[in-house]
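Asks:
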Amino acid sequence: MAIERTLSIIKPDAVAKNVIGQIYTRFENAGLKVVAAKFTQLTQSEAEGFYAVHKERPFFKDLVKFMISGPVMVTALEGENAVLKHRDLMGATNPKEAAAGTIRADFAESIDANAVHGSDSLENAAIEIKYFFG
Ligand code: RTP
Ligand code: MG
Numbered sequence: 001m002a003i004e005r006t007l008s009i010i011k012p013d014a015v016a017k018n019v020i021g022q023i024y025t026r027f028e029n030a031g032l033k034v035v036a037a038k039f040t041q042l043t044q045s046e047a048e049g050f051y052a053v054h055k056e057r058p059f060f061k062d063l064v065k066f067m068i069s070g071p072v073m074v075t076a077l078e079g080e081n082a083v084l085k086h087r088d089l090m091g092a093t094n095p096k097e098a099a100a101g102t103i104r105a106d107f108a109e110s111i112d113a114n115a116v117h118g119s120d121s122l123e124n125a126a127i128e129i130k131y132f133f134g
């Protein structure tokens, strides 16, 4: 299996809940290694740029507003099959639909405040890691 990199963001709701360590432990237990990280407050233009693919969607404004509502933990993770593995750890976008034991099932409140972001493809992972870490 290929060694991949993926981008994870622990969103403002999960940072506020003080569960960065619990989420990192899940990454570690799944064999995902932290290769870059920064704790940061996104600006409006950073959040808009990051989620530019969604700019025509009805939820875009609320998404950006939420992502700048508090600090986030941005992490590049590396490991076997990292993109899909990280998506599996996160669970479904809507925590009500997320499988038991996933990060969103355990820590997310709603489809808006859903604890984590993860790259959805290897191609987007490369773009997103470059966006935050150059
Ligand atoms: P993410 O990008 O944050 O990892 O989440 P995702 O791939 O599971 O979901 P995506 O479709 O990329 O949507 C990005 C974020 O927008 C919010 N969203 N709200 N109200 C809605 O119908 C709706 N749909 C999406 C979610 O917070 C989602 O994480
Ligand atoms: Mg997405």
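Numbering (UniProt numbering), first residue to last: 1 to 134. Note that beta-carbon positions come from the ideal geometry of N, C-alpha and C, so glycine has one too.
1. Please output, in chain order, the residues near ligand 2 using a CB cut-off of less than 7 Å to any non-hydrogen atom of the ligand.
2. Hey, how far is the Cα of Q22 from the Cα of F60?
3. When DSSP labels each residue in this structure, what does V65 get in the three-state scheme?
4. So the beta strand (DSSP E) residue 139 belongs to, where does it begin and stop?
5. According to DSSP, is K85 part of a helix, a strand, or is it coil?
Replies: Once the coordinates are examined:
1. After applying the 7 Å Cβ criterion, the set is H117, D120.
2. Their backbone Cα atoms lie some 28 Å apart in a straight line.
3. Checking the displayed sequence, the identity of residue 65 turns out to be Lys instead of Val. Looking at K65 - three-state DSSP - the assignment turns out to be helix.
4. Lying before the first or after the last residue shown, residue 139 is absent from the chain, which here runs from 1 to 134.
5. The three-state secondary structure of K85, taken from DSSP, is helix.
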